[in-house]
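Residue numbers (my numbering): 1 to 350. Worksheet: one structure, shown below.
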């Protein structure tokens with residue numbers, strides 16, 4: 001009903017849990033698996049929010065939290081094994097649609113199978129944190145009592161064993177160890193079906209196949225566990241036969257027959273020329289004729305303007321000469337008139 005409030009609350013819970021784990025690691029050097037409440041929160045987050053998105057504000061931090069739990073929380077007791085397997089189940093539920101490859105998940109399952117084998121693998125096999133090849137917890141899931149192995153029946157692994165509120169008897173502890181091993185083998189089969197087509201899965205599960213083939217298939221475990229182990233090995237072999245790595249072809253593939261493309265030479269931007277040489281030559285001559293014609297018209301216009309200017313200058317010079325002569329004539333006439341008037345006045349006085 002309220003997705004925004006739910007996402008904010010879930011992010012707050014995840015942030016608080018991650019900060020608490022980082023503080024514990026800085027103080028003690030290691031962190032324990034969280035309680036059942038935090039595990040239930042992680043399970044609910046995968047049920048409420050889409051887990052197939054490339055990035056999600058709630059699911060992406062939850063995936064980071066799950067990977068941190070599988071890599072930084074050491075396995076020191078049976079409740080830790082149960083919590084770790086529950087985290088693996090939740091992890092597979094998260095990536096069932098997107099099929100994201102999670103190496104932390106495969107490494108954790110490999111460590112669980114390692115601490116369940118009484119015989120140690122040969123050289124070339126190495127464990128990764130949080131598991132240790134030697135130490136008090138290196139044989140945490142080894143069942144030495146054949147009677148308890150014979151009376152064990154495969155059932156669903158209950159989460160109340162993860163609380164560790166009451167002590168278990170030796171028989172209950174051995175049955176829990178065998179149930180953890182059965183859950184681990186079932187998760188291995190699920191991983192094979194989910195990641196069988198990925199090249200990285202075949203590379204990272206080579207120690208897993210060797211461990212199942214050499215140490216679990218012929219051990220003293222119950223018959224149901226041995227059948228489960230053989231079934232997991234058969235699924236791995238089937239997926240390996242299906243997987244074909246990419247290789248380069250020995251010979252180049254024969255190209256398909258295609259029509260010869262028609263190449264049109266473009267001499268000017270936006271103008272396609274003719275397809276034949278004759279048409280191109282004709283268009284070139286027309287263009288040259290137009291250019292020369294325009295140049296000739298321009299020169300004629302310039303010559304006409306020059307001639308007009310010369311004619312105008314000649315006319316103006318003639319007009320100026322005529323005006324000068326007329327003025328000179330008027331001046332001479334005025335002098336003659338003045339002289340005649342002067343002679344006339346002298347005669348009148350006499």
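Quick reminder that beta carbons are idealized off the backbone N, C-alpha and C, glycines included. As the structure is a computational prediction, the values presented were derived from the model and not from experiment.
query: First through last residue of the alpha helix (DSSP H) which encompasses residue 42; result: 36-48
query: The segment 60-80 in contact with the segment 21-41 per 3-pair CB rule at 8 Å; result: yes
query: Residue interval of the alpha helix (DSSP H) (run including residue 96); result: Neither: residue 96 is in no alpha helix (DSSP H) and is coded neither H nor E.
query: Among 51, 262, 283, 85, the one whose alpha carbon lies nearest that of residue 63; result: 51
query: Other residues of its chain near residue 328: CB distance less than 7 Å, five sequence neighbours each side excluded; result: none
query: Opening and closing residue of the alpha helix (DSSP H) in which residue 340 lies; result: 277-349
query: Three-state secondary structure assigned by DSSP to residue 6; result: helix
query: C-alpha gap between residue 7 and residue 57, whole angstroms; result: 8 Å
query: Candidates 336, 321, 221, 11: closest to residue 150 by CA position; result: 221
query: Distance, residue 129 Cα to residue 14 Cα; result: 23 Å
query: Limits of the unbroken alpha helix (DSSP H) element including residue 186; result: 170-195
query: Cβ-Cβ distance between residue 225 and residue 185 below 8 Å; result: yes
query: Residue range of the alpha helix (DSSP H) that includes residue 53; result: Neither: residue 53 is in no alpha helix (DSSP H) and is coded neither H nor E.
query: Span of the alpha helix (DSSP H), counted from its first residue to its last, around residue 72; result: 59-72
query: Own chain partners of residue 179 with C-beta closer than 6 Å, once the 5 adjacent residues on each side are dropped; result: 157
query: Burial state of residue 83 (16 or more Cβ within 10 Å); result: buried
query: Where the alpha helix (DSSP H) containing residue 104 begins and where it ends; result: 103-114
query: Limits of the unbroken alpha helix (DSSP H) element including residue 150; result: 146-151
query: Beta-carbon gap between residue 148 and residue 171 smaller than 8 Å; result: yes
query: Check whether residue 3 and residue 17 have beta carbons under 8 Å apart; result: no
query: Validate contact between the segment 198-211 and the segment 248-257 using beta carbons, cut 8 Å, 3 pairs; result: no
query: Own chain residues within Cβ distance below 7 Å of residue 175, not counting five before or after; result: 148, 152
query: Secondary structure of residue 21, DSSP reduced to three states; result: helix
query: The segment 29-47 / the segment 133-144 touching (three or more Cβ pairs under 8 Å); result: no
query: Nearest to residue 197 (by Cα), restricted to the options 246, 53, 59; result: 246
query: Residue 343 to residue 333 span [Cα, whole Å]; result: 15 Å
query: Where the alpha helix (DSSP H) containing residue 210 begins and where it ends; result: 206-211
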